[in-house]
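**Student:** If you scroll down you'll find the structure; I have some questions about it.
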Amino acid sequence: MSSLIESILNKDDLDRSDIIALLRCGEEDATMLCRKAALVRNQYVGNVVYLRGLIEFSNICGKNCLYCGIRRDNRQIERYTIPNSEVIEAAMTAYRMNFGSIAIQSGENSSEEFTSNIEYLVHTIREMTNGHLGITLSLGEQNRETYQRWFDAGAHRYLLRIEASSQSLYRRVHPDDDMHRYHRRLECLKMIKEIGYQTGTGVMVGLPSQTLTDLADDIIFMRDFDIDMCGMGPFIEHSDTPLGKNGSDNLYLRERFNLTLRMIAIIRLVMKDINIVASTAMQTIDPLGREMALGSGANVVMPNLTPSRYRDGYRIYAGKPGYRKVDESNISGLRLELLSGMTVGFGAWGDTPHFEKRISKS
Ligand code: SAH
Ligand code: SF4
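Residue 0 is where the sequence shown starts when you use numbering that gives the first Met the number 0, and the numbers rise one by one after that.
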């Protein structure tokens, strides 16, 4: 290992230049970085992977993010919303299989019909599982009242990626209109936190024209915002989107994959006791992508429980893993034997010490 990287890995607090050095270090040093991050994970949140069964509720979206396959203007896909009975059935599958938690994700929709439907689902699922099944929501930007209603119904975690903490990069990957404002997204994140949700955010790694300095600033943004959960993944082009078309100077997918592993390891060193997701987008680039993310400090996976006939409709990016029935003998779908002693946190919500400390402080 180079002496520079060794000295950075021995520091308690990393500054921006340390983070940039870790993002650009050689492969051998990166292996040490990832190993160290996994040790920090074991020490602060345990050698345990928590499961959140993912339900992709609807691909109807009012927004037009330039990178996303289910953006409003993509006319190549059929739009769906899963009927409540099937959402509840998927949630009960998670409960039966002892997942501990589910996550409901969707295109953005702020209608009263959508809002009250989610409220009903959250309430019903909590009741049917005697409050045992945890519920994470990832339903985009909403007003304070909506976030509060869903919280009161029983959701307790919310994931809203800032996507890019640099305002100028954010502007480059979104349409320039009032539906897509950086400040609005940031305001939403603040409301989510104030209401009392465990708050998750994250970014895409390898967006066109994104620099290592941008990525280092993303880490600093998440640290300063004092998040409880982090979900980051590589940007993957989708051919029916504006950013999927002119990607000739984009990083190779493998580079984005490797950079994401480093980002995961670095956020673990910087925020030792948070939850970090090993994203499906990692698995899209490498079949063992999630296992490698877990080997770099992540501790959460989100096995997909969306009923099979809707899966094709939720192609946010190209090549998303298709339908494989959840296998009762290996419900996480993970190659646990590759994960040096990691166990699955069955039946547990997997709340972080970070959240508990933050709440007891306020
Ligand atoms: N509509 C909600 C949740 C669904 S989108 C929201 O936007 O918050 C979930 C995530 O998918 C987004 O936050 C974004 O980071 C990711 N995503 C969208 N398009 C992507 C792409 N082309 N490559 C990788 N991730 C993508
Ligand atoms: Fe809609 Fe979310 Fe995709 Fe943006 S990223 S287009 S808000 S689903």
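All C-beta atoms in this analysis are idealised placements derived from N, C-alpha and C, irrespective of residue type, glycine included. Just so it is clear, the structure is predicted and the values come from calculations on it, not from any experiment.
1) One question on the structure: do Ser100 and Gly349 come within less than 8 Å of each other, judged by their Cβ atoms?
2) Taking C-beta to C-beta, are Pro302 and Gly332 nearer than 8 Å?
3) Assign Gln75 to buried or exposed, taking buried as 16 or more other Cβ atoms, counted over all protein chains shown, within 10 Å of its Cβ.
4) Closest to Ala264 by C-alpha separation, out of Arg253, Arg40 and Glu5, would be which residue?
5) Provide the residue span of the alpha helix (DSSP H) that contains Ile101, from first to last.
6) How should Asn298 be labelled, buried or exposed, when 16 other C-beta atoms within 10 angstroms of its C-beta is the threshold for buried?
7) Would you say the beta carbon of Cys187 is closer than 7 Å to some non-hydrogen atom of the ligand SF4?
8) Please say whether Asp217 and Ser164 have beta carbons closer to each other than 8 Å?
9) Can you tell which of Ser208, Phe150 and Ile54 has the C-alpha that lies nearest to the C-alpha of Ala80?
10) In three-state DSSP terms, what is Leu206?
11) Relative to the alpha-carbon of Ser233, which residue among Lys244, Pro207, Thr212 and Tyr196 has its alpha-carbon at the smallest distance?
12) Within 7 Å: the Cβ of Ser208 and any heavy atom of the ligand SAH?
13) Less than 7 Å between the CB of Lys319 and some heavy atom of the ligand SF4, yes or no?
14) Give the straight-line distance between the Cα atoms of Asp14 and Asn108, rounded to the nearest whole angstrom.
15) Skipping 5 residues on each side, what residues in its chain have a beta carbon closer than 8 Å to that of Gly340?
16) Please confirm if the region 200-215 is in contact with the region 226-240, defined as three or more CB-CB distances below 8 Å between the two stretches.
17) Report yes if the C-beta of Ala280 is less than 7 Å from at least one heavy atom of the ligand SAH; otherwise report no.
18) Provide the residue span of the alpha helix (DSSP H) that contains Tyr251, from first to last.
19) Pull the bridge partners of Arg156 from the DSSP assignment, please.
20) Please say whether Leu21 and Leu32 have beta carbons closer to each other than 8 Å?
21) Cβ-heavy atom distance between Gly243 and the ligand SF4 below 7 Å?
22) For the alpha helix (DSSP H) containing Cys33, name the first residue and the last one.
23) If you run the structure through DSSP and keep just helix, strand and coil, what is Ser364?
24) Within 7 Å: the Cβ of Gly346 and any heavy atom of the ligand SAH?
25) Just curious, the alpha helix (DSSP H) that Pro352 is in, first and last residue?
26) So, Ala93 versus Leu136, is the Cβ gap smaller than 8 Å?
27) In the DSSP assignment, what residue or residues form a beta bridge with Glu162?
28) Could you pull out every unbroken alpha helix (DSSP H) segment of at least 4 residues lying fully inside the region 274-299, listed in chain order?
29) Suppose you measure from the CA of Cys64 to the CA of Ser2; what does that come to, to the nearest Å?
30) Quick one: using the 10 Å Cβ neighbour count with 16 as the cut-off for buried, is Gln42 buried or exposed?
31) For the alpha helix (DSSP H) holding Tyr119, just list the boundary residues, first then last.
32) With a threshold of 7 Å (Cβ to nearest heavy atom), would Lys62 be considered close to the ligand SF4?
33) For a test of the three-state rule: what should DSSP assign to Phe220, helix, strand or coil?
34) Quick check: Gln197 and His237, are their CB atoms within less than 8 Å of each other?
35) Below 8 Å on the Cβ atoms is my contact criterion, and I expect Ile266 with Ile275 to pass it. Report the Cβ-Cβ distance as a whole number of Å.
36) Give me the Cα-Cα distance between Gly288 and Ile124, rounded to the nearest whole angstrom.
**Tutor:** From the atom records:
1) A contact, by the Cβ cut-off of 8 Å.
2) Yes, the Cβ-Cβ distance between Pro302 and Gly332 is below 8 Å.
3) Result: exposed.
4) Ranking the options by Cα distance to Ala264, first place goes to Arg40.
5) Taken as a continuous stretch (DSSP letters only), Ile101 belongs to no alpha helix (DSSP H), being part of the beta strand (DSSP E) at Gly99 to Ser105.
6) It is buried - the Cβ of Asn298 has at least 16 other Cβ atoms within 10 Å.
7) For the ligand SF4, not one heavy atom lies less than 7 Å from the Cβ of Cys187.
8) With contacts defined as CB atoms closer than 8 Å, Ser164 and Asp217 qualify as a contacting pair.
9) Looking at the sequence provided, one finds Thr at residue 80 rather than Ala. Taking only the C-alpha atoms, the option nearest Thr80 is Ile54.
10) The answer is coil: DSSP assigns Leu206 none of H, G, I, E or B.
11) The question names Ser, but residue 233 in the sequence shown is Pro. That would be Pro207, whose Cα lies nearest to the Cα of Pro233.
12) No.
13) If you check the C-beta of Lys319 against the ligand SF4, you find no heavy atom less than 7 Å away.
14) Distance between Asp14 and Asn108, taken at the CA atoms: about 39 Å.
15) Beyond the five residues adjoining it in sequence on each side, Gly340 comes within less than 8 Å, by CB distance, of Asn46 in the same chain, given in chain order.
16) Yes: the two stretches touch, three or more of their Cβ pairs being nearer than 8 Å.
17) Checking the Cβ of Ala280 against the ligand SAH gives yes.
18) Counting along the chain, Tyr251 falls outside any alpha helix (DSSP H), and DSSP gives it neither H nor E.
19) Looking at the DSSP assignment, Arg156 forms a beta bridge with Thr135 and Gln197.
20) Yes, Cβ-Cβ distance for Leu32 and Leu21 is below 8 Å.
21) Set against 7 Å, the gap from the CB of Gly243 to the closest heavy atom of the ligand SF4 is not smaller.
22) Per DSSP, the continuous alpha helix (DSSP H) segment holding Cys33 begins and ends at Glu26 to Tyr43.
23) In this structure the chain extends from 0 to 361, so residue 364 is not present and cannot be described.
24) At a threshold of 7 Å, Gly346 does not count as near the ligand SAH, since its beta carbon sits no closer than that to any of the ligand's heavy atoms.
25) Unbroken alpha helix (DSSP H) run through Pro352: Pro352 to Lys360.
26) Not closer than 8 Å, so no.
27) DSSP, once it has assigned bridges, lists Val202 as partnering Glu162.
28) With a minimum length of 4 residues, the continuous alpha helix (DSSP H) runs that stay inside the region 274-299 are 279-284 and 288-293.
29) When rounded, the separation of the alpha-carbon atoms in Cys64 and Ser2 is 42 Å.
30) Exposed is the label assigned to Gln42, since fewer than 16 other Cβ atoms lie within 10 Å of its Cβ.
31) Unbroken alpha helix (DSSP H) run through Tyr119: Glu111 to Met127.
32) For Lys62, the shortest C-beta to heavy atom distance toward the ligand SF4 is below 7 Å.
33) DSSP, reduced to helix, strand and coil, places Phe220 within a helical segment of the structure shown.
34) Going by C-beta atoms, Gln197 is not nearer than 8 Å to His237.
35) 6 Å between Cβ atoms; contact.
36) So the alpha carbons of these two residues sit roughly 31 Å apart.
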